[in-house]
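In order, the protein sequence lines correspond to chains L and C.
Numbering-wise (the numbering used here), the first sequence opens with residue 1 and increments by one.
Numbering-wise (the numbering used here), the second sequence opens with residue 1001 and increments by one.
Using N, Cα and C, we set each Cβ at its ideal position, and we do this for glycine too.
Note sheet for the following structure.
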Amino acid sequence: MSFPGHPFPSAVPLFPHHTQIISYLRTYSSDLHSAIAFRTQVLSIVPSDPSPGWTLTTSHSSTPLHYDAVMIATGHYNTPYIPSLPGLSTFPGTIVHSRNFRLPQEFTGKKVLLVGNSVSAVGIAEQLLQCVRGPLLQVIRSPTASTTPPPEGIKVLPEIAALHEDGSVSFVDGAVETGVDVVLFATGYLFTLPFFPKEMGLITPHGERVVNTFQHVFYQRDPTLCFLGLPMKVIPFPLAQSQAAWVARVYAGRVQLPAREEMGDWESKEVEKKGSGRRFHCYGFPWDAEYLDGIEAMVDKAEGGGGLEPARWREWESWVRGRMAMIRKTFEETGKRALTMEELGFVFEGRVVRP
Amino acid sequence: MISTGPLRLIPALEAFNGSAEVVWRKLGGGRSVEDICLTKIHAQVKRVKYMMTTLPTIRRVAIVGAGASGLVAARALREEGCFTAIDVFEQRGDVGGLWNYTPQTKATDVPSVDPNVVEGPDEKGTYISAVYDNLGASHHICLLDKAV
């Protein structure tokens, strides 16, 4: 979904191509350029001495810069995660991460083993099916609705046990695939915050998540530091808008944060539910809708009016969100041209409530 | 920041609500001193439990990254109208973060498990994006609020 209040042009298909998304973001930000220092890398962020505040050094400033608050919006699809597996370094075939996948034609006639079953794995698998030699081999650790049963042309395998110098790959169930040309890891990314002192311990040692946040946003120990866009399996633009609307009100002094103990309790409860690993920031429907409701409620406690509106998901949005995978499938099967859900046969009757 | 001794906070509560006499009357003066103290303690425990985190005054804010999240952050701060500096730092030459498609790629270290090892730009200063040629918005990315 677009940023609330900033629709895409009406001629853009229901699920826009990436070129249309970057155009949209350029249009969206046309009045914000004066605030942006381009080609400027933040090199370090440390707590100011004396406190409070933060001291930044950048690639373009000779003197450190002081700020009362810092918002981190650096994303988490930058640093590929490729697991350490026995034999990985001596495997003669090509090892590639989905970050570096561009076109399926690069894999024409190759025997390809795809590892992973996330959004990018599913998207890449569809394309590879047309090009690879034989069936596409895919390691699927936890099957999902879209892979049960697996699409035609995919041979599902369990986790890799080891890669071998003769070009074969063995699996935990004892199966062996010989002559594997390419192992393509669609195994996700690491959370990285390289500009903070390592001693702050902001991420887990293996980069699975950011720690000590409240609601994935405020740093509990000093909420003048915050993070945007950490949650995954969400609709990112409206989610980021809700988070930003909340942070802006807190930093303006119009919304208060609970006591630190209470913020800590939130994280403990989340860890109980989801563990402290890579699932910590993951939502999916309907939990992402509940998360947005929670942010909306906090935003609406603001003293005084005005400010950027948060996303306000009601029956229509939840109805669409709950059907998004089905709508997208129909969109793709009908040539990726549809401009509305209605022409794909998805008509909201106004009676459906969130499950 | 927060005292764990509610008894010591009673004077603060009284200052907050006015004089001790007002508190006395509010609590229905006439009850025993012990009762009143107990009620005050309960009130204070409740206050401590729901006490808010106080932040220093914030006027200068830095935003790291001009992708979707950084852009909407700048807009949200601007709408508040009370910040004297809203500075966005972006390593690329354009907005949009990961949506900046790059035809070129860069080999990733194998394995890649250390969050302290972060890839820099290529020799031309380009930061490699995860966007592939045929990528359209997935169901996790974008369903439109269409202009009407």
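Which residues in chain C have a C-beta closer than 7 angstroms to the C-beta of residue i? List them in chain order.
i	result
SER84 of chain L	PRO1111 and VAL1113
If the cut is a Cβ gap below 7 angstroms, which residues of chain L does residue i touch?
i	result
ILE1063 of chain C	MET71 and ALA73
CYS1082 of chain C	ALA252
How big is the Cα-Cα spacing for residue i and residue j?
i	j	result
ALA208 of chain L	SER276 of chain L	It should be pointed out that residue 208 of chain L corresponds to Glu in this sequence rather than to Ala. Between GLU208 of chain L and SER276 of chain L, the C-alpha separation is close to 8 angstroms.
LYS1106 of chain C	TYR189 of chain L	15 angstroms
HIS17 of chain L	THR58 of chain L	33 angstroms
GLN127 of chain L	VAL1113 of chain C	27 angstroms
GLY123 of chain L	THR1054 of chain C	45 angstroms
GLY229 of chain L	ASP166 of chain L	43 angstroms
ASN1100 of chain C	THR1126 of chain C	10 angstroms
ALA162 of chain L	LEU103 of chain L	27 angstroms
GLY242 of chain L	GLU309 of chain L	One point to set straight first is that residue 242 of chain L is Ser, not Gly, in the sequence displayed. So the alpha carbons of these two residues sit roughly 7 angstroms apart.
LYS198 of chain L	PRO238 of chain L	31 angstroms
LEU85 of chain L	PRO64 of chain L	42 angstroms
ILE1010 of chain C	ILE1041 of chain C	Because ILE1010 of chain C carries a pLDDT of 48, less than 50, the predicted location of this residue cannot be relied on, and the following value inherits that uncertainty. Taking the straight line joining both Cα atoms gives about 7 angstroms.
PHE8 of chain L	ALA302 of chain L	29 angstroms
LEU257 of chain L	GLY201 of chain L	22 angstroms
Mind checking whether residue i and residue j have CB atoms under 8 angstroms apart?
i	j	result
LEU1071 of chain C	TYR77 of chain L	no
GLY345 of chain L	THR330 of chain L	yes
HIS281 of chain L	PRO231 of chain L	yes
HIS60 of chain L	ALA35 of chain L	no
PRO158 of chain L	VAL139 of chain L	yes
VAL1117 of chain C	LEU88 of chain L	no
ALA175 of chain L	MET1052 of chain C	no
LEU1098 of chain C	GLY1120 of chain C	no
ALA338 of chain L	LEU43 of chain L	no
GLU1034 of chain C	GLY1065 of chain C	no
ALA73 of chain L	ILE1128 of chain C	no
THR1108 of chain C	PRO80 of chain L	yes
ASP293 of chain L	LYS233 of chain L	no
THR213 of chain L	GLU267 of chain L	yes
PRO1056 of chain C	ASP68 of chain L	yes
Note down, in chain order, every chain C residue with its Cβ under 8 angstroms from the Cβ of residue i.
i	result
LEU390 of chain L	Summary: the structure shown does not reach residue 390 of chain L, with chain L confined to residues 1 through 355, and so no result is reported for it.
ASN100 of chain L	THR1105, LYS1106, ALA1107, THR1108 and ILE1128
THR374 of chain L	Coverage of chain L is limited to positions 1 through 355, which leaves residue 374 of chain L absent and any answer about it impossible.
I need the DSSP call for residue i, collapsed to helix, strand or coil.
i	result
LEU1055 of chain C	coil
GLY1097 of chain C	helix
LYS301 of chain L	coil
ALA1074 of chain C	helix
THR19 of chain L	helix
GLY322 of chain L	helix
ARG1060 of chain C	strand
ALA121 of chain L	helix
LEU193 of chain L	coil
PHE280 of chain L	coil
GLU332 of chain L	helix
VAL1131 of chain C	coil
GLY294 of chain L	helix
CYS226 of chain L	strand
ASP1087 of chain C	strand
Along chain L, in chain order, which residues have C-beta atoms closer than 9 angstroms to that of residue i?
i	result
GLU1119 of chain C	ASN78, THR79 and PRO80
Taking Cβ-Cβ distances shorter than 9 angstroms, what residues in chain C pair up with residue i?
i	result
TYR28 of chain L	ALA1068, LEU1071, VAL1072, ARG1075 and VAL1095
THR63 of chain L	Simply none; closest approach about 14 angstroms.
ALA297 of chain L	What ALA297 of chain L touches in chain C: nothing, since even the nearest Cβ is about 15 angstroms away.
GLY306 of chain L	GLU1079, GLU1080 and GLY1081
ARG39 of chain L	GLU1090, GLN1091, ARG1092, GLY1093 and GLY1125
Name, please, each residue of chain B whose Cβ falls closer than 8 angstroms to the Cβ of residue i.
i	result
ASP1133 of chain C	The structure shown contains no chain B; its protein chains are L and C.
Segment contact flag, the stretch 204-224 of chain L with the stretch 94-113 of chain L, C-beta cutoff 8 angstroms, min 3 pairs:
They do not touch, by the three-pair rule.
Pair every Cβ in the stretch 246-254 of chain L with every Cβ in the stretch 170-179 of chain L, then say whether three or more of these pairs are closer than 8 angstroms.
The stretch 246-254 of chain L is not in contact with the stretch 170-179 of chain L.
Take every Cβ of the stretch 1093-1109 of chain C, pair it with every Cβ of the stretch 1072-1081 of chain C, and state whether three or more of those distances are shorter than 8 angstroms.
Not touching, per the Cβ criterion.
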